[in-house]
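Residue numbers (the numbering used here): 94 to 486.
1. Could you tell me which residues DSSP puts in a beta bridge with residue 293?
2. Could you pull out every unbroken alpha helix (DSSP H) segment of at least 4 residues lying fully inside the stretch 178-249, listed in chain order?
3. Would you mind stating whether residue 187 and residue 408 have Cβ atoms separated by less than 9 Å?
4. Please classify residue 388 as buried or exposed, where buried requires at least 16 neighbouring CB atoms within 10 angstroms.
5. For residue 127 and residue 134, I'd like the C-alpha separation in whole angstroms.
6. When you compare each of 163, 217, 208 and 227 to residue 197 by their alpha carbons, which one comes out closest?
7. On the three-state DSSP scale, how would you describe residue 363?
8. Look at the Cβ atom of residue 372, then the Cβ atom of residue 180, and state whether they are nearer than 9 Å.
9. Closer than 6 Å by C-beta to residue 330: which residues in its own chain qualify, once you throw out the five before and the five after it? Chain order, please.
10. So what's residue 149 in DSSP terms, helix, strand or just coil?
11. Since residue 161 and residue 202 are thought to touch, with beta carbons under 8 Å apart, how far apart are those beta carbons, to the nearest angstrom?
12. For the stretch 215-231 and the stretch 337-344, state whether three or more C-beta atom pairs, one from each stretch, are separated by less than 8 Å.
13. Under a three-way DSSP split, which group does residue 283 fall into?
14. In whole angstroms, give me the CA-to-CA distance for residue 281 and residue 173.
15. Using 8 Å as the threshold, is the stretch 232-250 in touch with the stretch 376-393, meaning 3 or more CB pairs across them?
16. In whole angstroms, what is the alpha-carbon distance linking residue 421 and residue 183?
17. On a CA-only basis, which of 231, 261 and 289 is nearest residue 419? Give me that one, please.
18. Cα separation between residue 384 and residue 193?
19. If residue 377 sits next to residue 346, beta carbons under 8 Å apart, how far is it from one beta carbon to the other, in whole angstroms?
20. Going by Cα to Cα distance, which pick from 124, 130, 332 and 149 is closest to residue 367?
21. Count the other C-beta atoms from every protein chain shown that fall within 10 angstroms of the C-beta of residue 279, then say buried if there are 16 or more, exposed otherwise.
22. Give the single residue among 143, 147, 124 and 298 whose Cα lies nearest to the Cα of residue 356.
23. Hey, is residue 410's beta-carbon within less than 9 Å of any beta-carbon in chain D?
24. Quick one: is residue 316 buried, meaning 16 or more other Cβ sit within 10 Å of its Cβ, or exposed?
25. So residue 422 is in the alpha helix (DSSP H); what residue range does that whole segment cover?
26. Compute the beta-carbon to beta-carbon distance between residue 363 and residue 269, rounded to the nearest angstrom, for a pair I have assumed lies under 8 Å.
27. Does residue 309 pass the burial test, meaning 16 or more other C-beta atoms within 10 Å, or should it be called exposed?
28. Please classify residue 414: is it buried, with 16 or more other beta-carbons within 10 angstroms of its beta-carbon, or exposed?
29. Is the beta carbon of residue 159 closer than 9 Å to that of residue 487?
30. Can the beta-carbon of residue 303 be found closer than 9 Å to that of residue 253?
31. With 16 as the cutoff for other CB atoms within 10 Å, does residue 125 come out buried or exposed?
32. Starting from residue 370 and walking both ways along the alpha helix (DSSP H), at which residues does that stretch end?
33. When you compare each of 199, 129, 169 and 155 to residue 379 by their alpha carbons, which one comes out closest?
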């Protein structure tokens, strides 16, 4: 069987025409001077050593905008609901999130916070002097995201991330306290809201189903917020009003991935053509698992809740507080319990022996001197000492 030829080669006439045109082009090309050749060589060398501009795709900025907006919205909630509809409106706002989307947004937001550190951006970009070195560094970060935590300026970037997220988490905690405390206060007899607070929630099954439907929807980012974060990511640092003391590793997984994502962006390798890497780094098992469990607890709470004040508790505990708890567990370092080093000591001291003090016995009392019995008086002596005799003297 003869082999199948996909296409016919160029004709002899076509080859001759191409050669003629190439010769004409070479004749029209001006000859460069040695100085111009050297200048071109230097320009090419400088271009190879100059890193590309910071590049972060818009998907990361949009994910960050979703998390940031939702966190701030939940932190703005507080107690003092005036009627049952206000409680249900807050529940609709709080239940309308997908755990995976919020988890990814947490890492994305943290990566943009890391890019606000000029020390980190400059330090990462200084690690590679040419394209080959940059590609090796990118491959190392993709293979081991924790390596980004060791790059110059990573401590400063981690400090910005943790300080900013900690402030947001504390705000969520205060909101949760206010809502949960109000759920108890509204039951007091002197509270004028008690009359409706103790009545049963209207359409309990309907509001539970609505919460489940809302949880399955994708949250859309604010165009203004996404643009602001996108611009801040490409600013080279300092575009967002954040601050924080440096934090040394080890870091929680969410912060590790955020630093790796920011490092790729600083090298110019997290743009629109690098979504595979940026999507993988936004996955955080800790926060996603925590938020998924929280959503199930919310559904169970709403299913069991009957009076309106119990819906307030579901809102405060399983939406606002759980968001704070899951964010803290993913992005804040766990408490470390330490013990002092072993200090060698000599032999144990000799046990003290009790000292028995024997009291000195008192000196013996002197024996009484013997007294001789007085002889009985004679009859004459008796008469002389009688009453009559005494009066005569």
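Cβ coordinates follow ideal geometry from the N, Cα and C atoms, glycine included.
Quick look at the numbers:
1. By one-based count along the chain shown, residue 293 stands at place 200. Answer is 400.
2. Within the stretch 178-249, the complete alpha helix (DSSP H) runs of at least 4 residues are 192-207, 211-218 and 224-236.
3. Here residue 187 refers to the residue found at position 94 of the chain shown. Here residue 408 refers to the residue found at position 315 of the chain shown. In contact: residue 187 and residue 408 (Cβ atoms closer than 9 Å).
4. Here the question's residue 388 lines up with position 295 in the chain shown. Per the 10 Å Cβ criterion, buried.
5. Counting from one through the chain shown, the residue named residue 127 turns up at place 34. Counting from one through the chain shown, the residue named residue 134 turns up at place 41. The alpha-carbon of residue 127 is positioned some 11 Å away from that of residue 134.
6. Reading the chain shown from its first residue, position 104 is the one you call residue 197. Relative to residue 197, the option among 163, 217, 208 and 227 whose CA is nearest is 163.
7. Walking along the chain shown from the start, residue 363 turns up at place 270. Reduced to three states, the DSSP call for residue 363 is strand.
8. On the chain shown, residue 372 is found 279 positions in, with the first residue counted as 1. On the chain shown, residue 180 is found 87 positions in, with the first residue counted as 1. Judged by beta-carbon spacing, residue 180 lies beyond the 9 Å limit of residue 372, meaning their Cβ atoms are not closer than that value.
9. Here residue 330 corresponds to residue number 237 of the chain shown, with the count starting at 1. Excluding sequence neighbours, residue 330 sits near 209, 210, 211 and 214.
10. Position 56 of the chain shown, counted from the first residue, corresponds to residue 149. In the three-state reduction of the DSSP assignment, residue 149 falls in the strand class.
11. If you number the chain shown from 1, residue 161 lands on position 68. If you number the chain shown from 1, residue 202 lands on position 109. The Cβ separation is near 5 Å, so the contact holds.
12. No, the stretch 215-231 is not in contact with the stretch 337-344.
13. On the chain shown, residue 283 is found 190 positions in, with the first residue counted as 1. Residue state, collapsed to three classes: coil.
14. As a first step, residue 281 is located in the chain shown; it is residue number 188 there, counting from the start. As a first step, residue 173 is located in the chain shown; it is residue number 80 there, counting from the start. A direct Cα-to-Cα measurement between residue 281 and residue 173 gives close to 14 Å.
15. The stretch 232-250 is not in contact with the stretch 376-393.
16. Residue 421 sits at position 328 when you count from the first residue of the chain shown. Residue 183 sits at position 90 when you count from the first residue of the chain shown. Cα to Cα, residue 421 sits roughly 23 Å from residue 183.
17. Taking the first residue of the chain shown as 1, we reach residue 419 at position 326. Of 231, 261 and 289, the residue nearest in Cα terms is 261.
18. By 1-based counting over the chain shown, the position of residue 384 is 291. By 1-based counting over the chain shown, the position of residue 193 is 100. Cα to Cα, residue 384 sits roughly 8 Å from residue 193.
19. Against the chain shown, residue 377 aligns to sequence position 284. Against the chain shown, residue 346 aligns to sequence position 253. With a contact defined as Cβ atoms closer than 8 Å, residue 377 and residue 346 qualify at about 6 Å.
20. The sequence position of residue 367 within the chain shown is 274, counting from 1. Among 124, 130, 332 and 149, the Cα nearest to that of residue 367 belongs to 149.
21. Locating residue 279 in the chain shown gives position 186, counting from the first residue. Looking at its Cβ environment, which holds 16 or more other Cβ atoms inside 10 Å, residue 279 is buried.
22. For this step, residue 356 is matched to residue 263 along the chain shown. Check the Cα spacing between residue 356 and each of 143, 147, 124 and 298: the tightest is with 147.
23. No chain D is part of this structure, which consists of one protein chain only.
24. Residue numbering aside, residue 316 sits at position 223 when the chain shown is read from its first letter. So residue 316 ends up on the exposed side.
25. In the chain shown, residue 422 corresponds to position 329, counting from 1. Following the DSSP letters along the chain, one finds residue 422 inside the alpha helix (DSSP H) bounded by residues 415-424.
26. Here the question's residue 363 lines up with position 270 in the chain shown. Here the question's residue 269 lines up with position 176 in the chain shown. Incorrect: roughly 34 Å between the Cβ atoms, too far for contact.
27. Within the chain shown, residue 309 is the residue found at index 216, counting from 1. Burial call: exposed.
28. For the purposes of this step, residue 414 is taken as the residue at position 321 of the chain shown. Buried.
29. Because residue 487 is not part of the residues shown, which for the chain are 94 to 486, the question remains open.
30. Position 210 of the chain shown, counting from 1, holds the residue named residue 303. Position 160 of the chain shown, counting from 1, holds the residue named residue 253. At least 9 Å separates the beta-carbon of residue 303 from that of residue 253.
31. If you number the chain shown from 1, residue 125 lands on position 32. Under a 10 Å Cβ-count criterion, residue 125 is classified as exposed, with fewer than 16 other Cβ atoms of the shown protein chains found around its own Cβ.
32. For this step, residue 370 is matched to residue 277 along the chain shown. For residue 370, the enclosing alpha helix (DSSP H) has its first and last residue at 368-374.
33. Numbered from its first residue, the chain shown carries residue 379 at position 286. Considering only alpha carbons, the answer is 199.
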